[in-house]
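Right, one structure below, let's go through it.
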Amino acid sequence: MLLRKSGSLESTLRSSDITPQQLFEQHQTNRRRFLAGAATLGAAALAARYIPGVIHPETTVHAADQLTVVPSKYNLGDPQTPLAKASSYNNFYEFGTDKPDPAHNAGKLKTSPWPIQITGMVKKPRTINIDDIIHYRPIESRVYRLRCVEAWSMVIPWDGYSLSEFINFCEPLPSAKYIQFFSVVDKKAMELPFGYDWPYKEGLRMDEAMNPLTLLTFGCYGQTLPNQNGAPVRIIVPWKYGFKSAKSIVRFHFTDKQPVTTWNQTDGMEYGFYSNVNPNYDNARWSQAHERRIDSSAFPRSIPTLMFNGYSDQVASMYAGMDLKKFY
Ligand SMILES: Nc1nc2c(c(=O)[nH]1)N[C@H]1C(S)=C(S)[C@@H](COP(=O)(O)O)O[C@H]1N2
Ligand SMILES: [Mo]
Numbered sequence: 224m225l226l227r228k229s230g231s232l233e234s235t236l237r238s239s240d241i242t243p244q245q246l247f248e249q250h251q252t253n254r255r256r257f258l259a260g261a262a263t264l265g266a267a268a269l270a271a272r273y274i275p276g277v278i279h280p281e282t283t284v285h286a287a288d289q290l291t292v293v294p295s296k297y298n299l300g301d302p303q304t305p306l307a308k309a310s311s312y313n314n315f316y317e318f319g320t321d322k323p324d325p326a327h328n329a330g331k332l333k334t335s336p337w338p339i340q341i342t343g344m345v346k347k348p349r350t351i352n353i354d355d356i357i358h359y360r361p362i363e364s365r366v367y368r369l370r371c372v373e374a375w376s377m378v379i380p381w382d383g384y385s386l387s388e389f390i391n392f393c394e395p396l397p398s399a400k401y402i403q404f405f406s407v408v409d410k411k412a413m414e415l416p417f418g419y420d421w422p423y424k425e426g427l428r429m430d431e432a433m434n435p436l437t438l439l440t441f442g443c444y445g446q447t448l449p450n451q452n453g454a455p456v457r458i459i460v461p462w463k464y465g466f467k468s469a470k471s472i473v474r475f476h477f478t479d480k481q482p483v484t485t486w487n488q489t490d491g492m493e494y495g496f497y498s499n500v501n502p503n504y505d506n507a508r509w510s511q512a513h514e515r516r517i518d519s520s521a522f523p524r525s526i527p528t529l530m531f532n533g534y535s536d537q538v539a540s541m542y543a544g545m546d547l548k549k550f551y
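Under the numbering used here, the first residue of the sequence shown is numbered 224, with each subsequent residue one higher.
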């Protein structure tokens, strides 16, 4: 059971124009919301726990501690992909390049203790621990689509809070224009296939990172992330192709230059820095016009892919005036 004190870092909040009374009230409101959510979702979270016989036989799920989650306004109506699928059909190349590999191999990764570095253009570079941030803010359950550039998609309840909250905690300097994520490298636990420049790296422009949709993710389906899904902390950027959503992050780096990303470095013709889901712009290998929903039964690519994965209202304005075929 992972129940740590919420708001323990409250004092680090930007509080320039907030009175102590306001701060106290805000804290009480957050706390009430947190507790109310915990009460209503307790049963649901419990129900979402594993029933061993139902799991896909080749799936190993690790560290499935229950999380206390609150409901969110970000809640796609689409039917959810079963957890057994979401945790057995994965891209986590460090553990092998075939879809079932991460479920087989990622159990070897030790996810505690988990130090996290905050580096680059911040007020004070430092190393923190996952425990310092996991309950920094109430953990929301957000049902998002994850769309892979391979033209499949899943609908998953991800648990976390907006990355923007964590970025404020990091106190970036005004000169920081991008954030870069570094995934863990563990030579003993990982296969680390040849041909990629490990560690896995991804990045976002600061406004993309600060968009409320971008989720600092600690869990899914009401429990801590299975290792194969990026335990103990990953990013979910729902309007971009799946590879932007880096897993098992150990370092957040703030910079004024567009950061190097693993897939762009591997094959820049196919994988651009922006990688916004765009049905009108085909990746060199796959048409992006349609997608296949990974579900209990596989079916052909029959679902039309939506611009920005259906999140245009919230994100399109960030790209106004940009040629999205050039900045793919
Ligand atoms: N460290 C790391 N993060 C990664 C990847 C990876 O290979 N290594 N694959 C990406 C890709 S291509 C996708 S589609 C998503 C898949 O997330 P999921 O397995 O949780 O569905 O993770 C992304 N994050
Ligand atoms: Mo992907």
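No residue lacks a Cβ here, since even glycine has one placed at the ideal position from N, Cα and C. Since the structure is predicted, the reported quantities are computational estimates derived from the model, not experimental observations.
Quick check: what's the CA-CA separation for V456 versus I517? Position 233 of the sequence shown, counted from the first residue, corresponds to residue 456. Position 294 of the sequence shown, counted from the first residue, corresponds to residue 517. Spanning the two alpha carbons is a distance of roughly 23 Å.
Got a sec: does ligand 1 put a non-hydrogen atom nearer than 7 Å to the Cβ of Y423? Taking the first residue of the sequence shown as 1, we reach residue 423 at position 200. Yes.
Helix, strand or coil at C371 [DSSP, three-state]: To locate residue 371, count along the sequence shown from 1; it is residue 148. Note: C371 maps to coil in three-state DSSP.
Return the residue from the list T447, D430 and L415 that minimises the CA-CA distance to Q537. The sequence position of residue 537 within the sequence shown is 314, counting from 1. Nearest to Q537 by C-alpha distance, out of T447, D430 and L415, is D430.
Going by the beta-carbon positions, is the gap between V407 and S335 smaller than 8 Å? Within the sequence shown, residue 407 is the residue found at index 184, counting from 1. Within the sequence shown, residue 335 is the residue found at index 112, counting from 1. Cβ atoms of V407 and S335: not closer than 8 Å.
Inspect the beta-carbon positions of W381 and T440 and report whether they are closer than 8 Å. The residue labelled residue 381 in the question sits at position 158 within the sequence shown. The residue labelled residue 440 in the question sits at position 217 within the sequence shown. Taking 8 Å as the Cβ cut-off, W381 and T440 qualify as a contacting pair.
Does the beta-carbon of R508 have 16 or more other beta-carbons within 10 angstroms, so that it is buried, or is it exposed? Here residue 508 refers to the residue found at position 285 of the sequence shown. R508 comes out exposed.
Quick one: what's got a C-beta closer than 6 Å to V184's C-beta in the same chain, skipping five residues either side? Examination of residue 184 is not possible in this model, given that the chain is present from 224 through 551 alone.
Select from V372, R365 and M377 the residue whose C-alpha is nearest the C-alpha of Y384. Position 161 of the sequence shown, counted from the start, is the residue given in the question as residue 384. Nearest option by C-alpha distance: R365.
Going along the chain, which residues put their C-beta within less than 7 Å of some heavy atom in ligand 2? Cβ-based neighbours of ligand 2 within the cut-off: N314, C371, V372, E373, Y464, G465 and F466.
How many angstroms separate the CA atom of K463 from the CA atom of L529? What you label residue 463 is simply residue 240 of the sequence shown in a count that begins at 1. What you label residue 529 is simply residue 306 of the sequence shown in a count that begins at 1. Separation of K463 and L529 (C-alpha to C-alpha, rounded to the nearest whole angstrom) is 11 Å.
State the CB to CB distance for the pair V378 and L299, rounded to an integer number of angstroms; the pair is presumed to be in contact (CB under 8 Å). Taking the sequence shown and counting its residues from 1, the one referred to as residue 378 is at position 155. Taking the sequence shown and counting its residues from 1, the one referred to as residue 299 is at position 76. Under the criterion of beta carbons closer than 8 Å, V378 and L299 qualify as touching, at roughly 6 Å.
On the CB-based measure, 16 or more other CB atoms within 10 Å of its CB, does S238 come out buried or exposed? Looking up residue 238 in the sequence shown gives position 15. The predicted position of S238 is uncertain, since its pLDDT is 31 and thus under 50; a value taken from the coordinates is nonetheless stated next. Looking at its Cβ environment, which holds fewer than 16 other Cβ atoms inside 10 Å, S238 is exposed.
What does the Cβ neighbour count give for N352, buried or exposed, with the cut at 16 atoms within 10 Å? In the sequence shown, the residue the question calls residue 352 occupies position 129. N352 comes out exposed.
Under 8 Å, do E514 and W375 count as touching if we go by C-beta distance? The residue labelled residue 514 in the question sits at position 291 within the sequence shown. The residue labelled residue 375 in the question sits at position 152 within the sequence shown. The Cβ-Cβ distance between E514 and W375 falls below 8 Å.
Determine which residues share a DSSP beta bridge with F563 and list them. The requested residue 563 is not part of the displayed model; the chain covers only 224 to 551.
Excluding sequence positions up to five away, which residues of its chain have a Cβ less than 6 Å from the Cβ of G465? Within the sequence shown, residue 465 is the residue found at index 242, counting from 1. So the list reads L369 and C371, once near-sequence residues are dropped.
Where DSSP assigns a beta bridge to Q289, which residues make up the other side? Within the sequence shown, residue 289 is the residue found at index 66, counting from 1. Partner(s): Q446.
Just list the residues that DSSP pairs E493 with in beta bridges. Along the sequence shown, read from residue 1 onward, the residue named residue 493 stands at position 270. According to DSSP, which records beta bridges pairwise, E493 is partnered with nothing at all.
Run through DSSP, which three-state label would W381 get? Looking up residue 381 in the sequence shown gives position 158. It is a strand residue.
Is any heavy atom of ligand 4 found at a distance shorter than 7 Å from the C-beta of Y316? With respect to small molecules bound, the structure shown includes ligand 1 and ligand 2 and not ligand 4.
Alpha carbons only, please: which of I341, N452, D301 and W337 is nearest the one belonging to S468? Looking up residue 468 in the sequence shown gives position 245. Closest in C-alpha terms to S468, from the list I341, N452, D301 and W337, comes N452.
L436 - partner residues in DSSP beta bridges: Numbered from 1 along the sequence shown, position 213 holds the residue referred to as residue 436. Answer by DSSP bridge pairing: none, since L436 is not bridged.
Bridge partners of Y464, per DSSP? Here the question's residue 464 lines up with position 241 in the sequence shown. The partner list for Y464 (beta bridge, DSSP) reads R370.
Cβ-heavy atom distance, S468 to ligand 1, below 7 Å: Along the sequence shown, read from residue 1 onward, the residue named residue 468 stands at position 245. Checking every heavy atom of ligand 1 against the Cβ of S468, one is found closer than 7 Å.
Given a cut-off of 8 Å on the beta-carbon distance, is the pair E388 and R349 in contact? Taking the first residue of the sequence shown as 1, we reach residue 388 at position 165. Taking the first residue of the sequence shown as 1, we reach residue 349 at position 126. Not in contact: E388 and R349 (Cβ atoms no closer than 8 Å).
Please classify N585 as buried or exposed, where buried requires at least 16 other C-beta atoms within 10 Å of its C-beta. Within the shown structure, residues of the chain are numbered from 224 to 551, placing residue 585 beyond reach of any answer.
Under the criterion of a Cβ to heavy atom distance below 7 Å, does M377 qualify as lining ligand 1? For the purposes of this step, residue 377 is taken as the residue at position 154 of the sequence shown. Yes, ligand 1 has a heavy atom inside 7 Å of this Cβ.
In or out: G319 buried (at least 16 other Cβ within 10 Å) or exposed? Position 96 of the sequence shown holds residue 319. Counting Cβ neighbours within 10 Å, G319 comes out buried, since at least 16 surround it.
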